[in-house]
Structure formats: C-alpha cells, structure tokens
Amino acid sequence: MQEKFDQLKQMAKDELLSVFSTKNLFELKTKYVGKNGEITALLRGMKDVPASERANFGKMVNDLKVEVSEMFNQKEIELKEKELAEKFESESVDVTLPGKINKNGSLHPLNLVKNKILDAFCGMGFEVFEGPEIDTDYYCFQALNIPKDHPARDMQDTFYITDNVLLRPHTSPGQVRTMEKKAPPIKILSPGRVYRADDDASHSPMFHQIEGLVVDKGVSLCDLKGLLDEFVRIMFDEDTKTRFRPSYFPFTEPSVEVDVTCCKCHGKGCSLCKGTGWIEILGAGVVNKKVLEMSGIDSNVYSGLAFGMGIERITMIKYGISDIRTLFENNVKFLKQFNRR
Ligand code: DAH
C-alpha cells in the first residue's frame, strides 16, 4: 500500500517538473486532488479496506493529500511570482518618451471681437438684447422709416421668404423691438447674424452686426461722440481718434458715418486706409423722431442715438485681414493665430 502511495507522490512530483504556468498547474491539481482526482479516488476505495485497517488507511491517504497539496501550493506561489515579474517586464513604461501635448482650442476671431465689443459697451451700462434672424418687413424696414421704394428693400439685396417675411438684412430691427417692449431709459446692444445677397472679398451673404441704441431725456450727438470715442479707445488703442462724416440713414437724423485713424499707419496713410489715414467703422446718428413715435415713444420728451457696425469689418481692420472669406473657411492654420495661450 505504502508503495502505491509513494509511487503516486513521485508521479505528482515528476509531473510538476514540467509545469510552467498556473493554468497547467491547475490541471495537474485537478488530476490528483480534484473531486475526481487520483488521491480522492483512493478515499472512495476505503469501503473495500478491512475495518481494522480503515483508520490507518484514511490517515495515510489524508497525509498524502496534504503533502501533495503542499507541493502544488508551493509551486503556485513560485509560478505567480514568475508570471507577475514577466507581466511587469512586458508592460513596462518608458518614462523617457516625450509626453502627449494637449492642443488647446481658441475662440474664433469673430467671437473674440464680438465679446470685446460687448464688454466695452456693457462696461458703459449697456444690456444685450437679441432679436430674431427671420423678421417681418415691418420691423426690418417700415418701423425704421425705410420707405417702400428704398433700394435696401430690393430683391437684389434682401433674401425674402414671402412678401412680408425675410432674413433680416441688419440688426436695426432690434431697436424697434426693444422700444416696443421697454420704456426709456434704454441702453441696449443687439448683436447677431444678418443676411444680404452679396458675395465678394469684402462681403459675405451671412455676416454679423451689432446695433446700439440709447433713448433717454436729452440724448444728443455729443453723447454719441463721447460714447464712440471711448469705444474705439477700448477696441483699438488709446491714441485712436474718431471722425464723424455727414451721411444718410432713414432711421437717424442727423446721420453720420464714423471713421477711426488707421490702426496700421496711425493716420499717416497706407495701403489699408488707401492713403487717407482714416478707416470707416460704422454708421450712426440721432434716432429719427418718426422712428421713436412709431414705437410709441414721445419724441417731445425723449431723444435717442443709434449706431450699427459689422463685426467682420471691425475684425478685418483690427487684425489686418484682407479677404472676408478667410473668416468663414475655418482653416486651422489661420485660426491658430488667435490662440492667445
Ligand atoms: N443698419 C445699418 C446698416 O446695416 C447700420 C446703421 C447705420 C445702424 C446707422 C444704425 C445707424 O443704428 O444709426 O448698414
């Protein structure tokens, strides 16, 4: 009997020598000490052993099981250590490799400029009101004193949806919608997309404007001058000067076009300002009394000033961009230049 036990033990020992992975070890364990293993089978044969020898037999089988299990456990510890070492080796990280650089995005130049304009005026007490991009003939034209035969209404300039509904060609309807809703004092900016049937190096069928409106008692052209002087100093630089030229807009009387000293040559004359030293940045004026009255504001008590500027135009002047289309192509090389980090 003892001989058989020794033989089994030796077999397990020999087989263990050719085990090199925990997976194979598990198979070997099952073969000897598993539920149907060879040593477990010995216990099952106990019923054939004479009663007087049973106790001794049981002890011997158990001792054998403990001994063989111990061998397996020892091997398992060794194999696990070996496998872990191999894993560390194969998954090691080369800490000398260069790290990954996170590329940061940035605001689009039009948003940079829009935010700067809004900041400048909000610092002077303006609020922001956004009107709809699809609007009616009344808000875009009639209420702004733009008569039926005015060229701005021409199908060539304006995208009509129906006879009465159109893509707004400017943000000036924001003035009317505000005056209808709010009693003076009013101090608002109305930014947004506008649409015109125009497409070349300095015009785009969709572009952005910001409209400004102030209505209060005693508002005059002097206030407009002071306000815009302050704005251009914030937008361009401290030394930038403004110039008002007489102009005509149906919704303002008097109307002006506002120029600033060229930010490239500072007034000396260069290619950007076509040798004049001045660049036009916006249209403005004192709100026409008819416009105030149409929106329900008593023009004998209140007066107003208004201005409207193109964000693309300001952006192109500020950054020396010669073709408006570069602002819409989203070429990453171009946009990267505005990443201030
Ligand atoms: N709406 C005009 C345009 O699109 C810009 C403008 C000019 C707005 C004079 C005004 C203004 O409020 O007073 O060309």
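Under our numbering, think of the first position of the sequence shown as 696, with each following residue one higher.
Virtual Cβ for every residue (Gly too), placed ideally from N, Cα, C.
Keep in mind that this is a model prediction, so the values were computed, not measured.
May I have the straight-line CA-CA distance separating residue i from residue j, to the nearest angstrom?
{"i": "Lys-843", "j": "Gln-837", "result": "8 angstroms"}
{"i": "Glu-952", "j": "Ser-994", "result": "23 angstroms"}
{"i": "Phe-1002", "j": "Trp-973", "result": "19 angstroms"}
{"i": "Phe-1023", "j": "His-803", "result": "10 angstroms"}
{"i": "Lys-795", "j": "Asp-789", "result": "13 angstroms"}
{"i": "Ile-976", "j": "Arg-928", "result": "13 angstroms"}
{"i": "Val-996", "j": "Val-1027", "result": "53 angstroms"}
{"i": "Gly-740", "j": "Gly-732", "result": "13 angstroms"}
{"i": "Leu-723", "j": "Ser-787", "result": "32 angstroms"}
{"i": "Ser-998", "j": "Ser-990", "result": "13 angstroms"}
{"i": "Asn-859", "j": "Asp-893", "result": "21 angstroms"}
{"i": "Glu-748", "j": "Asn-757", "result": "14 angstroms"}
{"i": "Gly-962", "j": "Ile-1009", "result": "17 angstroms"}
{"i": "Lys-782", "j": "Lys-742", "result": "48 angstroms"}
{"i": "Ser-662", "j": "Leu-779", "result": "Any question about residue 662 goes unanswered here, given that the chain covers just 696 to 1036."}
{"i": "Lys-718", "j": "Ala-736", "result": "23 angstroms"}
{"i": "Asp-709", "j": "Asn-797", "result": "57 angstroms"}
{"i": "Thr-857", "j": "Cys-965", "result": "45 angstroms"}
{"i": "Met-696", "j": "Ile-772", "result": "31 angstroms"}
{"i": "Glu-828", "j": "Tyr-855", "result": "12 angstroms"}
Looking at residue i: is its Cβ nearer than 9 angstroms to the Cβ of residue j?
{"i": "Asp-911", "j": "Lys-877", "result": "no"}
{"i": "Ile-841", "j": "Thr-866", "result": "no"}
{"i": "Lys-1013", "j": "Met-930", "result": "yes"}
{"i": "Met-766", "j": "Ala-707", "result": "yes"}
{"i": "Ser-950", "j": "Gly-980", "result": "yes"}
{"i": "Ser-885", "j": "Gly-826", "result": "yes"}
{"i": "Leu-839", "j": "Thr-853", "result": "no"}
{"i": "Arg-848", "j": "Asp-832", "result": "yes"}
{"i": "Phe-824", "j": "Gly-869", "result": "yes"}
{"i": "Pro-864", "j": "Tyr-890", "result": "yes"}
{"i": "Leu-908", "j": "Thr-873", "result": "yes"}
{"i": "Lys-770", "j": "Leu-711", "result": "yes"}
{"i": "Ser-801", "j": "Arg-1020", "result": "no"}
{"i": "Asp-932", "j": "Cys-958", "result": "yes"}
{"i": "Ser-897", "j": "Met-1011", "result": "yes"}
{"i": "Leu-1000", "j": "Val-982", "result": "yes"}
{"i": "Leu-916", "j": "Phe-944", "result": "no"}
With residue i and residue j assumed to form a contact (beta carbons below 8 angstroms), what rounded beta-carbon distance in angstroms separates them?
{"i": "Phe-1033", "j": "Leu-807", "result": "6 angstroms"}
{"i": "Val-955", "j": "Lys-936", "result": "7 angstroms"}
{"i": "His-903", "j": "Gly-887", "result": "7 angstroms"}
{"i": "Lys-704", "j": "Val-761", "result": "In fact, because the Cβ distance is near 11 angstroms, the residues do not count as touching under 8 angstroms."}
{"i": "Phe-720", "j": "Val-728", "result": "A small correction: the amino acid at residue 720 is Leu; Phe does not occupy that position in the sequence shown. That pair is no contact at about 12 angstroms."}
{"i": "Val-986", "j": "Phe-946", "result": "5 angstroms"}
{"i": "Ser-942", "j": "Gly-978", "result": "7 angstroms"}
{"i": "Ile-734", "j": "Leu-759", "result": "6 angstroms"}
{"i": "Leu-805", "j": "Ile-1006", "result": "6 angstroms"}
When DSSP labels each residue in this structure, what does residue i get in the three-state scheme?
{"i": "Arg-863", "result": "coil"}
{"i": "Glu-822", "result": "strand"}
{"i": "Leu-792", "result": "coil"}
{"i": "Phe-700", "result": "helix"}
{"i": "Lys-877", "result": "coil"}
{"i": "Gly-729", "result": "coil"}
{"i": "Gly-740", "result": "helix"}
{"i": "Asp-830", "result": "strand"}
{"i": "Val-982", "result": "strand"}
{"i": "Thr-956", "result": "strand"}
{"i": "Pro-846", "result": "helix"}
{"i": "Lys-882", "result": "strand"}
{"i": "Leu-967", "result": "coil"}
{"i": "Gly-887", "result": "strand"}
{"i": "Ile-856", "result": "coil"}
{"i": "Ile-1093", "result": "Residue 1093 falls outside the range modelled here, since the chain spans only 696 to 1036, and no answer is possible."}
### Message
Suppose only complete runs of 3+ residues qualify. What are the beta strand (DSSP E) ranges in the stretch 892–951, listed by chain order?
### Response
901–911 and 937–944
### Query
Going along the chain, which unbroken runs of the alpha helix (DSSP H) with 4 or more residues stay wholly within the stretch 752–819?
804–817
### Message
Which runs of the alpha helix (DSSP H) at least 4 residues long sit entirely within the stretch 986–1026? Give them in chain order.
### Response
1006–1014
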